[in-house]
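S.K.: Below is the structure I would like to discuss, written out as structure tokens.
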């Protein structure tokens, strides 16, 4: 595969993955059975402010990205794109979907959302254009404090979920199911979508992100 075609494939993977991530988050919102940690916070803030959950996601992502400065993290094209594309895709999907009222509809939406989230995460991480702003925060804290990535991720996400729940975000069986299944799903789809490395590099690419962190948004 030529360098040009490899770059083209990676860009397609990046933006397809981010758009699908937003769509998968919308499915979880519509299911109403529990959200992934950061969207619990986004939903709580949306309830508080009256903004859409996608717009709140964009504002939170931008604010988290500012925290990269003291942590000396370097954003990539994927990092900046993540802030905007996921929120726009989430709001667009929610606007296009009819409301789901019965469990017979909501449970399949939940399962489809989790599976699609794994596919989307594998796509955009394998593109290797830099981690999402929230994942860069956790890896930055790991580098600055010397604590494990697992500990930093757990501490940050517990704080995020607790704050979001206090503001009205949804925690439920979906939150637990997401937590136990997303790691294996991401690892599976990372192997499927991995793009062979090239000897040349691009100035918009941030490489070397630790995959053991299971980089999500």
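Residue numbers (the working numbering): 214 to 430. Just so it is clear, CB atoms sit at the ideal spot from N, CA and C, and this is done for glycine as well.
Per DSSP, what kind of secondary structure is residue 188 in: helix, strand or coil?
M.R.: What is shown of the chain runs 214 to 430, which leaves residue 188 out entirely.
S.K.: Quick check on residue 236: does DSSP put it in helix, strand or coil?
M.R.: Helix at residue 236.
S.K.: Kindly indicate which three-state DSSP category residue 313 falls into: helix, strand or coil?
M.R.: The answer is coil: DSSP assigns residue 313 none of H, G, I, E or B.
S.K.: Anyone know if the C-beta pair for residue 226 and residue 340 falls short of 9 Å?
M.R.: Yes.
S.K.: I need the DSSP call for residue 323, collapsed to helix, strand or coil.
M.R.: Of the three classes helix, strand and coil, the one that applies to residue 323 here is helix, per DSSP.
S.K.: Cα separation between residue 247 and residue 385?
M.R.: Residue 247 and residue 385: Cα-Cα distance of roughly 4 Å.
S.K.: Let me know the secondary structure DSSP gives residue 229 once reduced to three states.
M.R.: It is helical.
S.K.: Would DSSP call residue 304 helix, strand or coil?
M.R.: The answer is helix: DSSP assigns residue 304 an H, G or I state.
S.K.: What is the C-beta distance between residue 408 and residue 335, in whole angstroms, given that I count them as a contact (C-beta under 8 Å)?
M.R.: About 11 Å separates the two Cβ atoms, so there is no contact after all.
S.K.: DSSP on residue 409, reduced to helix/strand/coil?
M.R.: Looking at residue 409 - three-state DSSP - the assignment turns out to be coil, as it is neither helix nor strand.
S.K.: Does the beta-carbon distance from residue 286 to residue 364 come in below 9 Å?
M.R.: Not in contact: residue 286 and residue 364 (Cβ atoms no closer than 9 Å).
S.K.: Residue 433 and residue 273 look like a contact to me (Cβ under 8 Å); what is the Cβ gap, rounded to whole Å?
M.R.: With the chain covering 214 to 430 only, the question about residue 433 has no answer from this structure.
S.K.: Does the beta-carbon distance from residue 325 to residue 224 come in below 9 Å?
M.R.: No, the Cβ-Cβ distance between residue 325 and residue 224 is not below 9 Å.
S.K.: Given this structure, state the Cα-to-Cα distance separating residue 307 from residue 320, to the nearest angstrom.
M.R.: Distance between the alpha carbons of residue 307 and residue 320 is about 17 Å.
S.K.: If residue 353 and residue 281 are in contact, beta carbons under 8 Å, what's the gap, nearest whole angstrom?
M.R.: Indeed, because the Cβ distance is near 6 Å, the residues count as touching under 8 Å.
S.K.: Cβ atoms of residue 300 and residue 344: under 9 Å apart, would you say?
M.R.: No, Cβ-Cβ distance for residue 344 and residue 300 is not below 9 Å.
S.K.: Terminal residues of the continuous alpha helix (DSSP H) containing residue 371?
M.R.: Run containing residue 371: 362 to 379, per the alpha helix (DSSP H) assignment.
S.K.: For the alpha helix (DSSP H) that contains residue 340, what are its first and last residues?
M.R.: No alpha helix (DSSP H) contains residue 340, which DSSP labels as neither H nor E.
S.K.: Relative to the alpha-carbon of residue 359, which residue among 217, 270, 284 has its alpha-carbon at the smallest distance?
M.R.: Looking at the Cα atoms, 284 is the closest of the given residues.
S.K.: Only counting the same chain, and skipping five residues up and downstream in sequence, which positions put a Cβ closer than 6 Å to that of residue 234?
M.R.: Within the same chain, residue 234 has close Cβ partners 299, 333.
S.K.: Going by beta carbon distance, what residues of the same chain come within less than 6 Å of residue 402, once the five residues before and after it are set aside?
M.R.: Excluding sequence neighbours, residue 402 sits near 331, 332, 335.
S.K.: Note the first and the last residue of the continuous alpha helix (DSSP H) segment covering residue 384.
M.R.: From DSSP, residue 384 is part of no alpha helix (DSSP H); its letter is neither H nor E.
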